[in-house]
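Data first, discussion second: the structure below is written as structure tokens.
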């Protein structure tokens, strides 16, 4: 049975169901894996191919591709090439598994797939894990080649994938078949007893898995939360250590001795060794507008600023107060910040507030001046502490931190355990983020330098791999296996119940049909039916019985069957009934019965002994044979009439059976062969017919017994009589599709044959005379168009032909040359040698022309010594060349006449169609003028008529 063809809406639903069920199934995946304990789309896809065939494969591929692009986008928060390649790979392998799985299951389970026997259910359970090896193997090793799965997780991911697909097919395929499977009535009836328990069990085990998995996750994250707290404490401590560092530097810069660049360098180098996470430390004194010139001269620095965050600096605008970066260590790589005015970056209000507070504070995230122009530079912060006074005056000391490097310095031991995000909640900006879109598992607040931070972490795949708990997953897998086995058991039980119900219904219907059938058969019998017990009472009868004897059911039940028979025949009937019961056999007799209308009818009555439940009965029938007996008498009379007709026939008529016996032979056989009819009938035909005739007829009879009608002609020599010519026909006689005999009729055609022989002779003579007449007509016709002297066509033929040839040339577009020729000095030749010599020269000219002409050329004697030639398809130049060759050859010929050698020359004139005209008159006239010109120019030459 060919697969059903789903329409477009059903195919869209297939793709949508694939995507949504796949997304739901992947919610059960154990991090960080990509496989799940049950993958419903595997079962949906296999069932779609099982039901609707290969037409669903493009839609399965589309669903798988959309699902995996969705999953990949959620994981990376963006579409990338590797994610697209992975989606295409998984979609292709999943589609291949669906194609192979649906085809294999269709062959194993058959279609319609009732799945109501142990064998197909066993094949389904055994084949499903084998089929699901395709997607698990192809997808996992493909993801490994793309670098999306680590080496140590291949085995666990492959097993999870394989189990998920297998359970998806085992659980979802029965559910899908409940919606789309055939036979439709059976699968629809399984919705409650099979589908409902599967769905309830699936929901129950998923809920158990979710609750148990949440507990397991909480247990596995205890250590992670502790590690996260340790890292957050370490970050807080390192920030507070910066405050201590700055307080020490404040004491150094606020002392009584002036600080030089060299002394600042020596002091800071020792500090940076203890605090490697600090990128630089700065001394920023307070410089008023009055002090600016002296400051720039003393330190050799120009106070500068970066206007509007430009990459190029300029001299700072005049302000009441400046805070230029005077010293920075390490100086290498930080030279560009010397002289930079903090007021333009941090703002004077913030600096004044810090001075009043007399405590360290930390700036909002910013791009460090050292990083200006660098792409993807991580944000930085400044931790600033005011210096109240001293030999170096008031100002600020600051440590410069790149947040990314500062955070990573606090992570060495936990780098492979957690991913971290640090958010400046005051500035609402991310200082550090290795989490992406994932939801934080641990978070705490950090406070330092007047700013507030949110510290968030999530476990890394490495942490989850080492802290993975399999108990919940195992519970789910076992539960799903239980559901799959439960589904198989329910399918088997519902199938058995459906088969049992169908058998009960069918058997009940059969019994009802058998009773109805038996009653219908009995009542439809053409004759009387009855059943007698051993006492002779009628226990069952048909409608015809009541109709024939004119009795109702009660009269038949209490009456005596013998009373329905003529008195004279009752003893015959009684003996027959007794004989059946005594012999436990069969009896038959013919009785006369007077029926309900009083008419006397003859019935052939039979009875057969049977036993039902150990009791003896006679089952009998009665057939009205009145018409049959009358017909038999008619047949006897008809046979006599037929025999009379056969014997009176003028032909030999016989019937031959398959053994070759002549069953019937008419009187003509007896008269011809001198045998009595009693001797002929029953004899083999070879004992009656002549030997040679029997041999010839044997193959003919074989073909006739094969079902063919055959006819033949033969010659018979019977009893030394003259040869007889006969014509016979054999006709097969069929009983059903088998030939049982043949009828052969033979007519004596001797007189007809003799008459035909005489007629053939007369016809032959007539044909001979007709041929003579035709030859004479042909000769006369030829003479009518031929010149008798030259044998060329005459003027009459030319008139009939030339106009037709010109019409053909005009239709087909080819040229025609007309040549007029004349024997030079012909009159002189006649006068000198006589007219007989002239005739011979004319014949010689005709012969010369004929030898060199084409079959398509028309050669005519125009009159006297003139000739006219029609050359179809020949251009004038070619015609001139050909005619010159004829002229030259003729002039070289010699004719022996008496004691003379005669010779002659010819002149020719040529005209051309269509150049000289399109009618015979114009062309002949033009050729004649050209001939005149040839005569005038000295004879024995060829001239072409001028145009």
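Numbering (my numbering), first residue to last: 589 to 1535.
Every residue gets a Cβ at the ideal spot worked out from N, C-alpha and C, and that includes glycine.
All of these numbers come straight from a predicted model, not from anything done at the bench.
Would you call residue i buried or exposed, if buried means 16 or more other Cβ atoms sit within 10 Å of its Cβ?
i	result
residue 844	exposed
residue 690	buried
residue 791	exposed
residue 621	Note on residue 621: pLDDT 48, under 50, position unreliable in the model; no value is reported.
residue 1279	exposed
residue 1473	exposed
residue 1372	exposed
residue 788	exposed
residue 1226	exposed
residue 1533	buried
residue 1449	buried
residue 1156	exposed
residue 825	exposed
residue 716	buried
residue 1256	buried
residue 1423	exposed
residue 1293	buried
residue 910	buried
residue 1531	buried
residue 1188	exposed
Between the alpha carbons of residue i and residue j, how many angstroms are there, rounded?
i	j	result
residue 880	residue 944	23 Å
residue 721	residue 748	11 Å
residue 1126	residue 1215	27 Å
residue 1430	residue 1453	7 Å
residue 877	residue 893	15 Å
residue 1091	residue 719	35 Å
residue 1032	residue 1042	6 Å
residue 1507	residue 1444	20 Å
residue 775	residue 640	16 Å
residue 1320	residue 1288	12 Å
residue 607	residue 654	7 Å
residue 765	residue 751	21 Å
residue 1192	residue 1212	6 Å
residue 769	residue 682	22 Å
residue 863	residue 832	11 Å
Provide the residue(s) that pair with residue i in DSSP beta bridges, ordered along the chain.
i	result
residue 1249	1272
residue 1035	1040
residue 1333	1241, 1317
residue 1448	1381, 1456
residue 670	Bridge partners of residue 670: none, in fact.
residue 1020	1010
residue 1120	1126, 1206
residue 1177	1193
residue 917	869
residue 1532	1498
residue 710	Its beta-bridge partners do not exist; DSSP assigns none.
On the three-state DSSP scale, how would you describe residue i?
i	result
residue 588	Given a span of 589 to 1535 for the chain in the structure shown, any question on residue 588 remains unanswerable.
residue 1480	helix
residue 701	coil
residue 620	For residue 620, the predicted model reports a pLDDT of 46, less than 50, meaning its position is unreliable; a value from the coordinates is still stated below. Coil.
residue 809	coil
residue 1203	strand
residue 1304	strand
residue 1004	coil
residue 976	coil
residue 953	coil
residue 1048	coil
residue 1155	helix
residue 912	strand
residue 1402	coil
residue 742	helix
residue 1462	coil
residue 934	coil
residue 1109	helix
State yes or no: is the beta carbon of residue i nearer than 7 Å to at least one beta carbon in chain D?
i	result
residue 1221	The structure shown contains no chain D; it holds only a single protein chain.
Which residue spans inside the stretch 834-909 form an unbroken alpha helix (DSSP H) run of at least 4?
For the stretch 834-909, whole alpha helix (DSSP H) runs of length 4 or above, ordered along the chain, are 849-862, 880-887.
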